[in-house]
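**Q** Chains U and L supply the protein sequences, listed in that same order.
The number in the working numbering is simply the position in the first sequence, starting from 1, with 3 added.
The number in the working numbering is simply the position in the second sequence, starting from 1, with 85 added.
Glycine included, every Cβ here is placed at the ideal spot set by N, Cα and C.
One structure, as structure tokens, below. Some questions next.
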Amino acid sequence: MSGLEQRIQDAVRGQTQPTVTVLSSLLAVEDELGYIPKEAVEFVAGFSNATINDVWAVASFYPNFRFEPPAEHTVDVCWGASCHLVGAMSIFKSVLEVAGLDSEGDTLDKRLTVKFNSCLGACSQAPVMALDHHLAGRVNPESAAENVSRLLERDGHGP
Amino acid sequence: MVLSFVEIGLEADSRWQELTAGQRPWIRIGTALCGEAAGAFEVADALEMALADQSVSAEVSRVGCLGLCFAEPLLDVQLPGGHRVFYGNVDAESVSEIVSVHVAGGTPIVSKALGYLAEETSLAPPPEGIPDLKQHSMKARENRIALRNAGNIDPLDIYQYIANGGYQALYKSLTELNREETLEEVKASGLRGRGGAAFPTATKWSFLAGNAAADKYVLCNCEEGDPGAFNDKNILESDPNTLVEGVIIAGYATGANKGYIFIRHGHDGPIERCRAAINQARELGFLGENIMGSDFSYEIEIALTGDSYVAGEESALMEAIEGKRSMPRFRPPFPAQFGLFGKPTNINNVKTLSYVPEIVSKGGEWFSNIGHDTSTGTVILCLSGNLKYTGMIEVPLGMNLKDVIYDVAGGMKDGKVLKFLQTGGPLGGVLGADNIDVLLDFEVLRAAGAIVGSGGLIAADDSTCIVDLTRSLIAFCQYESCGKCFPCRMGMSHLLEVLERLCRLEGTPEDLALMQNIGVNMQAGSLCGHGQLGFNPVSSALRYFGPEFDTHINDHSCPTGTCLDSRYSPAASRR
Ligand SMILES: Cc1cc2nc3c(=O)[nH]c(=O)nc-3n(C[C@H](O)[C@H](O)[C@H](O)COP(=O)(O)O)c2cc1C
Ligand code: SF4
Ligand code: FES
């Protein structure tokens with residue numbers, strides 16, 4: 004068994020809650036790997052007594068799942084209404100500029116994933132972004148760009 | 086051997102006594118999502134370092150949110166036997182000074198203190214020259230019931246919850262009241278659901294109580310995908326024990342044998358704190374077999390979902406717990422007959438269930454005397470947008486919305502003028518500035534074209550373009566449509582197309598009629614509230630700001646000049 008397959012199996016089998024489902028198994032894989040490889044879809048199907056189609060149906064429905072390894076670092080920028088009102092669009096502009104991207108996605112060198120988030124849950128500190136899942140609020144275009152540059156100076160290991 | 090509840094209570098009291106009036110100062114720092122975003126974790130680390138560097142001994146607790154989000158990072162120092170003195174917007178530098186002057190030196194830094202909160206049991210005089218935080222506009226009109234412990238206790242320590250009256254309600258239910266009498270108290274309270282529809286909670290519970298099936302479930306809905314709402318997650322972070330106790334009592338009153346708390350994956354703070362509350366409750370015998378020596382047995386499990394706003398709809402939520410796509414079900418059958426895994430089920434919002442312990446402790450009648458008409462109790466509002474004070478408040482229903490904005494939240498930031506309020510999440514509506522002289526009451530607000538909904542209250546100043554904000558709300562609704570029924574799936578896409586055209590100043594007069602037409606069809610032909618209510622952002626915007634839409638269409642100009650700025654939304658591949 005490959006190392007990847009081992010990690011998938013450990014993540015899925017290692018769930019401790021009583022209610023284990025296709026969705027909970029996929030979330031466990033995402034936590035472990037940061038994405039859902041083809042092998043995970045196959046394993047979760049066998050493990051849950053479901054078809055590969057069933058598992059894809061769930062995995063493709065929830066936009067948090069991705070199907071290729073994430074970049075080294077992930078930046079989420081909120082586009083929810085509270086953030087929109089206080090300048091979220093200018094934050095996007097500046098973050099995308101630093102990343103060299105037109106819209107959300109991965110940079111070519113796979114160092115950075117930029118994601119749009121519909122609410123990071125800290126609306127009272129808008130505009131809000133998250134750097135490798137750590138929240139930063141009350142940002143402006145300059146501080147947002149600095150945050151990203153500082154993040155890129157660090158080594159990262161995916162999720 | 087499990088300790089009796091009385092013994093646990095004594096232990097909790099002595100620990101609390103030690104914290105508030107023991108040998109060491111107690112420092113509490115707010116670390117909910119709002120605190121984290123303001124840099125509270127860095128400040129907490131700096132605080133621990135400053136204490137170590139200066140060899141000062143103090144108890145440090147990472148608490149939840151006091152509601153004063155605008156002042157975060159927010160920490161307070163309580164010297165043994167004294168009152169709590171708060172410092173707002175602290176950073177690593179000010180923390181070091183607070184440690185040396187106040188914690189070690191014993192004198193509050195008057196010039197930097199935001200205010201003080203009196204410790205009830207303290208005999209010490211109030212700190213001189215520091216304002217009473219209770220008089221702050223964000224606090225003065227509050228009546229904290231569900232939030233009574235938020236920001237005061239360590240959410241990871243169930244003993245602190247118990248020392249503040251926690252689990253008294255469950256004890257009372259199990260020892261003094263039976264299941265019916267517990268339900269009676271909730272009925273007498275007039276409590277209505279805080280998840281959006283304001284349905285009477287006791288009526289919903291009685292459907293489940295009346296079903297004699299062996300397996301029955303209580304579901305707590307903490308999906309909370311609405312931009313602008315964070316009160317459910319905040320309760321989980323600030324006082325998860327209140328919610329857990331509420332979920333247990335709901336199980337007792339309805340005769341259920343299991344509860345599920347449903348949270349969106351990735352919100353680690355709320356999830357971990359909720360998990361700790363459940364585990365600690367189990368250790369103390371408040372969950373499991375024969376709770377507190379009674380014949381009531383009950384378990385609670387946390388179920389996680391992927392990113393999906395519609396997963397918050399009650400039947401979609403059950404699909405997600407079953408591990409499927411979160412797509413709403415046809416009804417009937419209703420959840421009380423055929424719910425999660427086909428078993429009878431009751432679904433409530435986090436806030437709804439968080440009221441229950443206090444209702445049982447103090448009696449339904451007490452709760453029913455707070456509020457306005459049939460909107461009893463309080464409302465928990467998340468204040469965001471261009472306000473002077475942003476944060477989270479719990480005020481009695483029946484308060485005037487105008488007062489919330491101009492009095493409590495201090496009006497608009499930077500001397501700007503209010504243009505509109507967006508209330509109740511993306512499916513709610515907007516209210517023009519001239520129309521906010523309304524009472525916070527489920528019916529009154531609905532008649533005005535807005536809803537209390539999830540409690541999100543987003544205030545926009547006059548630099549905001551209503552067409553652009555409407556486009557943003559519909560972009561969210563379009564992105565989140567689950568796709569099961571075409572009036573919603575296609576209607577949202579068409580609405581977004583039209584609104585994008587208006588924002589490019591390329592709209593035509595026919596576009597308004599086109600939107601109305603789409604809206605009527607969405608309302609009539611959609612399976613769940615997402616499609617049925619999804620036209621609200623547009624209809625309410627047109628109701629209050631028709632002329633601004635006309636200017637975009639007829640004069641091809643945007644009065645605020647913001648419509649043509651670059652706009653971004655999620656990649657087409659994710660829509
Ligand atoms: C699209 C959609 C999303 C919803 N999201 C939530 C949610 O995030 N949290 C919630 O409590 N209720 C949500 N609801 C309402 C629930 O369906 C349900 O009415 C509520 O959880 C019942 O709780 P209550 O009786 O305590 O209000 C949503 C409804 C719709 C139509
Ligand atoms: S109304 Fe929209 S969200 Fe609701 S079931 Fe239909 S497509 Fe899905
Ligand atoms: S809307 Fe941006 S954090 Fe909630």
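Could you pull the DSSP bridge partners for valine 80 of chain U from this structure?
**A** On the first sequence, residue 80 of chain U is found 77 positions in, with the first residue counted as 1. DSSP lists U:Phe119 and U:Met132 as partners of valine 80 of chain U.
**Q** Which chain L residues are close to alanine 129 of chain U, counting only those with a beta carbon under 7 Å from its beta carbon?
**A** What you label residue 129 of chain U is simply residue 126 of the first sequence in a count that begins at 1. Neighbours of alanine 129 of chain U on chain L, chain order: Ser469.
**Q** Please compile the residues from chain U whose C-beta is within a distance smaller than 8 Å of the C-beta of serine 557 of chain L.
**A** Position 472 of the second sequence holds residue 557 of chain L. Simply Trp82, Ala84 and His87.
**Q** Please list the partners that proline 144 of chain U has in chain L, where partner means a Cβ-to-Cβ separation under 9 Å.
**A** Your numbering for residue 144 of chain U matches position 141 in the first sequence. The premise fails here: proline 144 of chain U is roughly 12 Å from chain L at the closest Cβ pair, so nothing lies under 9 Å.
**Q** Could you list the residues in the region 637–653 of chain L with a C-beta less than 7 Å from some C-beta on chain U, going in chain order?
**A** Per Cβ criterion, the list reads Asp650, Ser651, Arg652 and Tyr653.
**Q** Any chance the region 232–250 of chain L sits against the region 139–155 of chain L, with 3 or more Cβ pairs inside 8 Å?
**A** Contact between the region 232–250 of chain L and the region 139–155 of chain L is present, because at least three Cβ pairs lie under 8 Å.
**Q** Look up glycine 115 of chain L in the DSSP assignment and say whether it is helix, strand or coil.
**A** Within the second sequence, numbered from 1, the residue matching residue 115 of chain L stands at position 30. Strand.
**Q** May I ask you to list the residues that DSSP assigns as paired with aspartate 161 of chain L?
**A** The count along the second sequence starts at 1 and reaches residue 161 of chain L at position 76. Its beta-bridge partners are L:Arg113 and L:Phe171.
**Q** Can you confirm whether glycine 161 of chain U, when its beta carbon is compared against all beta carbons of chain L, has any partner nearer than 7 Å?
**A** For the purposes of this step, residue 161 of chain U is taken as the residue at position 158 of the first sequence. With a pLDDT of only 48 at glycine 161 of chain U, under 50, the local geometry of the prediction cannot be trusted, and the value read off the model is given with reservation. No, glycine 161 of chain U lies away from the interface with chain L (no Cβ there is under 7 Å from its Cβ).
**Q** Please decide whether leucine 389 of chain L counts as near chain U, where near means a Cβ-Cβ distance under 7 Å.
**A** Looking up residue 389 of chain L in the second sequence gives position 304. Output row for leucine 389 of chain L: interface = yes.
**Q** How long is the line joining the alpha carbons of phenylalanine 426 of chain L and lysine 96 of chain U, rounded to whole angstroms?
**A** Position 341 of the second sequence, counted from the start, is the residue given in the question as residue 426 of chain L. Position 93 of the first sequence, counted from the start, is the residue given in the question as residue 96 of chain U. Each residue's alpha carbon lies about 45 Å from the other.
**Q** Compute the minimum distance between the beta carbon of glycine 614 of chain L and the heavy atoms of ligand 1, and state whether it is under 6 Å.
**A** Here residue 614 of chain L refers to the residue found at position 529 of the second sequence. Glycine 614 of chain L: yes, Cβ under 6 Å from ligand 1.
**Q** In terms of residue numbering, what span does the beta strand (DSSP E) encompassing glutamine 507 of chain L cover?
**A** Stepping through the second sequence from its first residue, residue 507 of chain L is reached at position 422. 503–508 is the extent of the beta strand (DSSP E) around glutamine 507 of chain L.
**Q** Please give the ranges of any beta strand (DSSP E) in the region 459–530 of chain L, keeping only runs that are unbroken, at least 3 residues long and fully inside the region.
**A** Complete beta strand (DSSP E) runs here, min 3: 463–470, 476–481, 503–508 and 514–517.
**Q** Against chain L, does asparagine 67 of chain U count as a neighbour if the rule is that its beta carbon must be under 7 Å from one of theirs?
**A** One-based indexing of the first sequence puts residue 67 of chain U at position 64. Chain L, which has a Cβ nearer than 7 Å to the Cβ of asparagine 67 of chain U, makes this yes.
**Q** Compare the C-beta of cysteine 562 of chain L with all C-beta atoms of chain U and state if any pair is closer than 7 Å.
**A** For the purposes of this step, residue 562 of chain L is taken as the residue at position 477 of the second sequence. Not closer than 7 Å to any Cβ of chain U, the Cβ of cysteine 562 of chain L fails to qualify, so no.
**Q** For methionine 577 of chain L, does the count of other Cβ atoms within 10 angstroms reach 16, so buried, or fall short, so exposed?
**A** Start at 1 with the first residue of the second sequence, and residue 577 of chain L comes out as number 492. Under this definition methionine 577 of chain L is a buried residue.
**Q** Determine the contact status of isoleucine 294 of chain L and threonine 339 of chain L, defining contact as a CB-CB distance below 7 Å.
**A** For the purposes of this step, residue 294 of chain L is taken as residue 209 along the second sequence, with counting starting at 1. For the purposes of this step, residue 339 of chain L is taken as residue 254 along the second sequence, with counting starting at 1. According to the sequence shown, residue 294 of chain L is alanine rather than isoleucine. Contact: yes.
**Q** From the DSSP output, in three-state form, read off proline 632 of chain L for me.
**A** Position 547 of the second sequence, counted from the first residue, corresponds to residue 632 of chain L. If DSSP states are grouped into helix, strand and coil, proline 632 of chain L belongs with the helices.
**Q** Could you compute how far the alpha carbon of aspartate 176 of chain L sits from the alpha carbon of alanine 129 of chain L?
**A** By 1-based counting over the second sequence, the position of residue 176 of chain L is 91. By 1-based counting over the second sequence, the position of residue 129 of chain L is 44. Their Cα atoms are separated by approximately 9 Å.
**Q** Cβ of threonine 288 of chain L versus every heavy atom of ligand 1: is any distance shorter than 6 Å?
**A** Sequence index remark: in the second sequence, residue 288 of chain L carries index 203 (1-based). Answer for threonine 288 of chain L: no, Cβ out of range of ligand 1.
**Q** Quick one: what's got a C-beta closer than 7 Å to phenylalanine 561 of chain L's C-beta in the same chain, skipping five residues either side?
**A** Position 476 of the second sequence, counted from the first residue, corresponds to residue 561 of chain L. Closer than 7 Å at the Cβ level, and outside the excluded window around phenylalanine 561 of chain L, lie Pro312 and Pro511.
**Q** Can you check whether the C-beta of alanine 362 of chain L is within less than 7 Å of a C-beta belonging to chain U?
**A** As a first step, residue 362 of chain L must be located in the second sequence, where it is residue number 277. Closer than 7 Å: no.
**Q** Excluding the five sequence neighbours on either side, which residues of its own chain have a C-beta within less than 7 Å of the C-beta of glutamine 108 of chain L, listed in chain order?
**A** Locating residue 108 of chain L in the second sequence gives position 23, counting from the first residue. These residues qualify, in order along the chain: Pro165.
**Q** Run down chain L in chain order and give the residues with a C-beta less than 7 Å from the C-beta of leucine 134 of chain U.
**A** As a first step, residue 134 of chain U must be located in the first sequence, where it is residue number 131. Within 7 Å Cβ-Cβ: nothing; leucine 134 of chain U doesn't reach chain L, min ~11 Å.
**Q** Can you find the residues in the same chain that come closer than 7 Å, C-beta to C-beta, to alanine 147 of chain U, ignoring five residues on each side of it along the sequence?
**A** Mapped onto the first sequence, residue 147 of chain U falls at position 144. Ile94, Ser97, Val98 and Met132.
**Q** Decide yes or no for the touch test of the region 535–543 of chain L against the region 506–523 of chain L: beta carbon pairs closer than 8 Å, at least 3 of them.
**A** As far as the Cβ criterion goes, the region 535–543 of chain L touches the region 506–523 of chain L, which means the pair count is three or higher.
**Q** Shorter than 7 Å from the beta carbon of glycine 513 of chain L to some beta carbon of chain U?
**A** Along the second sequence, one-based indexing puts residue 513 of chain L at 428. Cβ-Cβ to chain U under 7 Å: no for glycine 513 of chain L.
**Q** Taking only beta-carbon atoms, is proline 655 of chain L less than 7 Å away from chain U?
**A** By 1-based counting over the second sequence, the position of residue 655 of chain L is 570. Chain U contact via Cβ: present.
**Q** Using a Cβ-based criterion (distance less than 6 Å to any ligand heavy atom), does cysteine 570 of chain L qualify as near ligand 2?
**A** Stepping through the second sequence from its first residue, residue 570 of chain L is reached at position 485. Indeed, a heavy atom of ligand 2 lies less than 6 Å from the Cβ.
**Q** Please name the residues in the region 306–317 of chain L whose beta-carbon is closer than 9 Å to at least one beta-carbon of chain C, in chain order.
**A** Included in the structure are the protein chains U and L, with no chain C among them.
**Q** Whose C-alpha, out of L:Asp640, L:Gly568 and L:Ser624, is nearest the C-alpha of proline 594 of chain L?
**A** Within the second sequence, the letter at position 509 stands for residue 594 of chain L. That would be L:Asp640, whose Cα lies nearest to the Cα of proline 594 of chain L.
**Q** As an exercise, report each continuous alpha helix (DSSP H) stretch of at least 4 residues that is fully enclosed by the region 527–564 of chain L, in chain order.
**A** Whole alpha helix (DSSP H) segments, 4+ residues: 527–532.
**Q** Check each residue of the region 88–111 of chain U: if its Cβ is closer than 7 Å to any Cβ of chain L, include it; give the result in chain order.
**A** Those residues of the region 88–111 of chain U that come within reach of chain L (Cβ to Cβ, closer than 7 Å) are Leu88, Val89, Met92, Phe95, Lys96, Ser106, Glu107 and Gly108.
**Q** Check serine 400 of chain L in the structure and name its three-state DSSP category.
**A** Working through the second sequence from its first residue, we reach residue 400 of chain L at position 315. Note: serine 400 of chain L maps to helix in three-state DSSP.
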